[in-house]
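Protein sequences appear in the order of chains A and B. Numbers in the numbering used here are just positions in the first sequence, counted from 1, shifted up by 2. Numbers in the numbering used here are just positions in the second sequence, counted from 1, shifted up by 18. C-beta: ideal position from N, C-alpha, C; glycine also. All of these numbers come straight from a predicted model, not from anything done at the bench. What follows is a short report on a single structure.
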Amino acid sequence: MRGSTVVLLFVVGFVILNAILLAIGHLPFSVEGVGIIVAVGLTLAIYSFLYKDNAAFKFAEHLYIGVAIGYNMVIDWHQNLIPNLIDPLFYSKDVPDYTLIIPMALGILMFSRFIPKVVWLSRWTIAAIVGWGAGVTIPRSITENILVQAKSSFRPLVGPDGFGLSNIASIVCLVGVLSVLFYFFFSIEHKGAAGKLSRVGVWFLMVSFGAAFGYTVMARMALLIGRIWFLLADWLKVLKV
Amino acid sequence: MGALSKLLAIDRRIIFLVIAGAIIIALFLPTGLSVAKTPPVKSIYDKMESLPPGSVVLISNDYDPSSKPELYPMTYALFYHCFKKNVKFVTMTLWPGGELLMADVLSEVLKEKEFKDKKEGEDYVFLGAKVGASAVVMQMGQDIQLAFPTDRNKKPLSDLPLMKKIKTLTDLDYAVAISAGVPGIDTWIVYGSEYFRKKKPKRVELGGGCTGVQATQYYPYLDSGQLNGLMGGMKGAVEYEAHLGLKTKEMIEMDAQSVTHIIIIAFVILGNIAYFITRKSRGNK
């Protein structure tokens, strides 16, 4: 059977099933009910990719991208441009904030990307963004992600009451930090003792990748479970807390 | 060896079916597995419990509907805890796509009979969404009204009783960032910490809630004290709900989660056994 026929049969079946659910009052004949049907249809269309790529999946994928971009543009317009630029500059009850002309002009220059002859003008805006971003981010990022982290790595290996179980974590941390740092130190060949130390670093990295993968599986399963709950509880109403 | 070779070449769609089937069965027949409580989640719970009534907490929900199953229950549990403890909260999101979801959580919590008397502007303030990430956090560090002149209902912050004493991030008693990516916990740590540290005699502590995918990257912040606690994924959310004694659908979903983990572990072990045995036989040939 051709893929398009399968999709068509699925759509027809889906429409009939929802018509029955609406007719018997299982789903409310309202905006909420239609919303649930649309959400179910799109969920099934996206998950149909697990069987194989098909037209329903592509439709849902493109729809999602379009809606997401449109939604963000509208939100940006209403929550950013109007209150932060348009209102204070053009509709202010007091003296308009003329300093806003500078960021507005820089923003408009970004549209020069559409005109090849003057595309270089957009670099001014990009330069301003990069300059501001670097100036704001670099000192704070170094402080919070490097200095504070390094400080918390320097711990006494033996506590004031002597060596205890709690000190094992400090030793593991020390060995981990040193061996992983050494693994990324490429100025000498990793042979002999240096090779063994970098090998320990690889093991630490493997453990961290394993933990990250485990959490990733958990996250993906949680999303799948959430969707299946939605299908069974909100749509078919065969599950409840 | 034939069966083992077939196992290695198993159609991935069979694995998908097994997982889906296991989830559906687990949802219909929950086993009620206990939820182990871990120190990172308990730290957030204990901090919230230690706050005297009238304290003010910032809850930044930086996610959108794509992370709803993992993060929505965290937000719900925190709002619930605040109301139950008579702790006031200011909530917001750095993700525009999350604003309607936040409104939904808030209305869900307010449906509880015991919270009917909670008043917007006095017991809680919903600032809404704001794009700008680092700039928004830094503005809030200097003056929250700079970043949010009005709340979500367009009421000026200066008119809201709760905001009379909360002018900057330094005035808060606790903050929790629940995030699905950037902007999120990182943003609050990197750009908010300098303002949190200004509070004397002790800095404003920051708690975190994140998707499972991100959890491992935030554990170093726990160790350094930049985060006082962390809820990782649905497991973290369910732990917090268990501390509160809530009975929610996430408890049932957690059962399904445990079942899928067992199946995946079984597949990984079987796959590795099959791989090593067939490799040996291939080597002999």
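Practice prompt. Taking 8 Å as the cut-off, decide whether the C-beta atoms of residue 59/A and residue 48/A are in contact.
Written response: yes
Fill in: Reduced DSSP category for residue 166/A - H, G, I as helix; E, B as strand; rest coil
Coil, per DSSP.
Discussion item. Comparing C-alpha positions only, which one of 134/B, 133/B and 196/B sits nearest to residue 116/B?
Written reply: 196/B
Worksheet item: Hey, out of 138/A, 116/A and 109/A, whose CA is closest to residue 128/A's CA?
Response: Nearest C-alpha to residue 128/A among 138/A, 116/A and 109/A: 109/A.
Worksheet item: Since residue 152/B meets chain E, which of its residues come closer than 9 Å, beta carbon to beta carbon?
Response: Here the protein chains are A and B, and chain E is not one of them.
Discussion item. Counting beta carbon pairs with one atom in the stretch 134-147 of chain B and one in the stretch 83-103 of chain A, are three or more of them shorter than 8 Å?
Written reply: no
Worksheet item: How many whole angstroms separate the CB atoms of residue 198/B and residue 229/B, which I take to be in contact at a CB cut-off of 8 Å?
Response: 5 Å
Discussion item. For a quick check, are the C-beta atoms of residue 151/B and residue 70/B less than 8 Å apart?
Written reply: Judged by beta-carbon spacing, residue 70/B lies beyond the 8 Å limit of residue 151/B, meaning their Cβ atoms are not closer than that value.
Item to complete: Could you name the residues of the same chain whose beta carbon sits closer than 7 Å to that of residue 239/B, not counting the 5 residues immediately before and after it, in chain order?
Response: 207 and 245
Worksheet item: Going along the chain, which residues of its own chain have a beta-carbon closer than 6 Å to the beta-carbon of residue 248/B, five neighbours each way excluded?
Response: Cβ neighbours of residue 248/B within its own chain (closer than 6 Å, five residues either side excluded): 58, 226, 236 and 240.
Item to complete: Report the rounded CA-to-CA distance for residue 180/A versus residue 251/B, giving the unit in angstroms.
Response: 30 Å
Discussion item. For chain A, check one thing: does any of its Cβ atoms lie closer than 8 Å to the Cβ of residue 252/B?
Written reply: yes
Fill in: Local Cβ density within 10 Å of residue 259/B, reported as buried at 16 or more and exposed below that
buried
Worksheet item: How do the stretch 147-165 of chain B and the stretch 209-221 of chain B stand: do at least 3 beta-carbon pairs fall below 8 Å, yes or no?
Response: yes
Discussion item. Quick check on this structure: which residue in 170/A, 44/A, 79/A and 61/A has the alpha carbon closest to the alpha carbon of residue 6/A?
Written reply: 61/A
Discussion item. Rounding to the nearest angstrom, what Cα-Cα distance links residue 46/B and residue 42/A in this structure?
Written reply: The straight-line gap from Cα to Cα measures roughly 20 Å.
Discussion item. Using C-beta distances below 6 Å, list every residue in its chain close to residue 20/A, excluding the 5 sequence neighbours before and after it, in chain order.
Written reply: 39
Practice prompt. Compute the Euclidean distance between the alpha carbons of residue 9/B and residue 205/A, then round it to the nearest angstrom.
Written response: Only positions 19 to 303 of chain B appear in the structure, and residue 9/B is not among them; the question remains open.
Worksheet item: If you run the structure through DSSP and keep just helix, strand and coil, what is residue 56/B?
Response: coil
Discussion item. To the nearest angstrom, how far is the alpha carbon of residue 282/B from that of residue 276/B?
Written reply: Straight-line Cα distance between these residues: approximately 10 Å.
Item to complete: Return yes when the Cβ of residue 123/B is within less than 8 Å of the Cβ of residue 272/B, no when it is not.
Response: no
Item to complete: Using 10 angstroms around the beta-carbon of residue 1/B, count the other beta-carbons present and answer buried if the total reaches 16, otherwise exposed.
Response: Outside the displayed range of chain B (19 to 303) lies residue 1/B, so it cannot be described from this structure.
Item to complete: Report the neighbours of residue 233/B on chain A: residues whose CB is nearer than 7 Å to its CB, in chain order.
Response: 217
Discussion item. Assess contact between the stretch 138-147 of chain B and the stretch 160-174 of chain B, defined as three or more Cβ pairs (one per stretch) separated by less than 8 Å. Is contact present?
Written reply: yes
Discussion item. Within 8 Å of any Cβ in chain A, is that where the Cβ of residue 229/B sits?
Written reply: yes
Worksheet item: Under a CB-based cut-off of 8 Å, is residue 87/B close to chain A?
Response: yes
Practice prompt. Using 10 angstroms around the beta-carbon of residue 148/B, count the other beta-carbons present and answer buried if the total reaches 16, otherwise exposed.
Written response: It is buried - the Cβ of residue 148/B has at least 16 other Cβ atoms within 10 Å.
Worksheet entry | Residue nearest to residue 50/A in terms of C-alpha spacing, selected from 31/B, 130/B and 113/B | 31/B
Worksheet entry | Of the listed residues 299/B, 22/B and 274/B, nearest to residue 40/B (C-alpha basis) | The option with the nearest alpha carbon to residue 40/B is 274/B.
Discussion item. Rounded to the nearest angstrom, what separates residue 112/B and residue 203/B at their Cα positions?
Written reply: 11 Å
Practice prompt. Decide if the stretch 220-234 of chain A is in contact with the stretch 12-29 of chain A; the criterion is three or more beta carbon pairs, one per stretch, under 8 Å apart.
Written response: no
Discussion item. Taking the beta carbon of residue 122/A as the centre, do at least 16 other beta carbons fall within 10 Å, making it buried, or is it exposed?
Written reply: exposed
Worksheet item: Exposed or buried, residue 24/B, counting other C-beta atoms within 10 Å across all chains shown (16 or more means buried)?
Response: exposed
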